[in-house]
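Q: Got a structure for you, written out below as structure tokens; questions coming shortly.
Protein chains in written order, with the working numbering: chain A, 660 to 771; chain B, 10 to 123.
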């Protein structure tokens, strides 16, 4: 089946630094989604990407849908302590096939 | 918009009993909802796809008689863990989408079987 490789697995950064994480797939997705999960909570959608090459921002977050449709990255600029959490990428084949395939997550720690 | 409510947020039950978890779409209708299971420090694992008015579709390796899913209305899906055992202890999360693209997740249910 489809698998998503998400990296890095974890990262420690200083407050104020920029962060980058990415996901790659062995097969094509038509939708890429980025989620953040806090402990004991469900994932919260950060950014949704629907078109190859699309670059979308949400505040300090920017994500891109790779041209090959097999990868996506998420950048966080000027990190703050509340950015701490686990970030998941997820891919979907889109309308008609609603299932999401998740990456294994990137655990982000921000040092004040 | 696109709010999904999950209840309860946590539950402790005795081994051998059954537990029901509810997932509601509050401001949209969802013909399809999804149930995930998440082990500590791991990603979400899709258990089943809940289809309104028809049988759920289970992923390989998920026991349909153990995890009963009922999607009786366009805003409610339930997951019942039957004859629960300690190995069923986990974090269960549902999700739904108003348009088949962006998916909203519930806040999850922490099940502990003692």
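Beta carbons: idealized from backbone N, C-alpha and C, even for Gly.
If the cut is a Cβ gap below 8 Å, which residues of chain B does residue 758(A) touch?
A: As a position in the first chain, residue 758(A) is number 99, starting the count at 1. Near residue 758(A) (Cβ distances below 8 Å), the residues of chain B are 43, 55, 58.
Q: Looking only at its chain, what residues have a beta carbon closer than 6 Å to the beta carbon of residue 36(B), apart from the 5 residues adjacent to it on each side?
A: Here residue 36(B) is taken as the residue at index 27 of the second chain, counted from 1. The residues are 10, 12.
Q: Within a Cβ cutoff of 7 Å, which residues of the same chain sit near residue 710(A), ignoring the five residues on either side of it in sequence?
A: Sequence index remark: in the first chain, residue 710(A) carries index 51 (1-based). Cβ within range, chain order: 724.
Q: Report the CB separation of residue 52(B) from residue 78(B) in whole angstroms; it is logged as a contact under 8 Å.
A: In the second chain, counting from the first residue as 1, residue 52(B) sits at position 43. In the second chain, counting from the first residue as 1, residue 78(B) sits at position 69. Their Cβ separation, rounded to whole angstroms, is 21 Å, which puts residue 52(B) and residue 78(B) out of contact at 8 Å.
Q: Are the C-beta atoms of residue 724(A) and some chain B residue less than 7 Å apart?
A: By one-based count along the first chain, residue 724(A) stands at place 65. Closer than 7 Å: no.
Q: Find the residues of chain A that neighbour residue 10(B), judging by a C-beta separation of less than 7 Å, and give them in chain order.
A: For the purposes of this step, residue 10(B) is taken as residue 1 along the second chain, with counting starting at 1. Ordered by position in chain A, no residue passes the 7 Å Cβ test against residue 10(B), which lies about 12 Å from the chain.
Q: Quick one: any contact between the region 111-123 of chain B and the region 84-100 of chain B, if contact means 3 or more CB pairs under 8 Å?
A: yes
Q: Do we get a CB-CB distance below 7 Å when we pair residue 70(B) with the residues of chain A?
A: Position 61 of the second chain, counted from the first residue, corresponds to residue 70(B). Answer no: the Cβ-Cβ gap between residue 70(B) and chain A never drops below 7 Å.
Q: Determine, using beta carbons only, whether residue 30(B) comes closer than 7 Å to chain A.
A: For the purposes of this step, residue 30(B) is taken as residue 21 along the second chain, with counting starting at 1. By this cut-off, residue 30(B) is not an interface position.
Q: Taking residue 769(A) as the reference, give the member of 670(A), 688(A), 694(A), 666(A) with the closest Cα.
A: Translated into positions along the first chain, residue 769(A) becomes position 110. Nearest option by C-alpha distance: 670(A).
Q: Quick one: what's got a C-beta closer than 7 Å to residue 691(A)'s C-beta in the same chain, skipping five residues either side?
A: For this step, residue 691(A) is matched to residue 32 along the first chain. Around residue 691(A): 708, 724, 731, 748, 750.
Q: Using a cut-off of 9 Å between C-beta atoms, extract the partners of residue 698(A) located in chain B.
A: The sequence position of residue 698(A) within the first chain is 39, counting from 1. Those within 9 Å of residue 698(A) in chain B number zero; the least Cβ separation is about 10 Å.
Q: Take the Cβ of residue 673(A) as the centre, count every other Cβ of all protein chains shown within 10 Å, and call the residue buried at 16 or more, exposed below.
A: For the purposes of this step, residue 673(A) is taken as residue 14 along the first chain, with counting starting at 1. Exposed, by the Cβ-count rule.
Q: Sort 47(B), 17(B), 28(B) by Cα distance to residue 94(B) and report the nearest one.
A: Looking up residue 94(B) in the second chain gives position 85. Cα-wise, what sits closest to residue 94(B) is 28(B).
Q: In chain B, which residues lie less than 7 Å from residue 764(A) when you measure between Cβ atoms?
A: Here residue 764(A) is taken as the residue at index 105 of the first chain, counted from 1. Per Cβ cutoff of 7 Å: 52.
Q: Is DSSP giving residue 742(A) helix, strand or coil here?
A: On the first chain, position 83 is the one that residue 742(A) refers to. Here residue 742(A) sits in helix by DSSP.
Q: Over the uninterrupted beta strand (DSSP E) stretch that includes residue 694(A), give me the two end residues.
A: Indexing the first chain from 1 puts residue 694(A) at position 35. It spans 690-696 - the beta strand (DSSP E) in which residue 694(A) sits, taken as one unbroken run.
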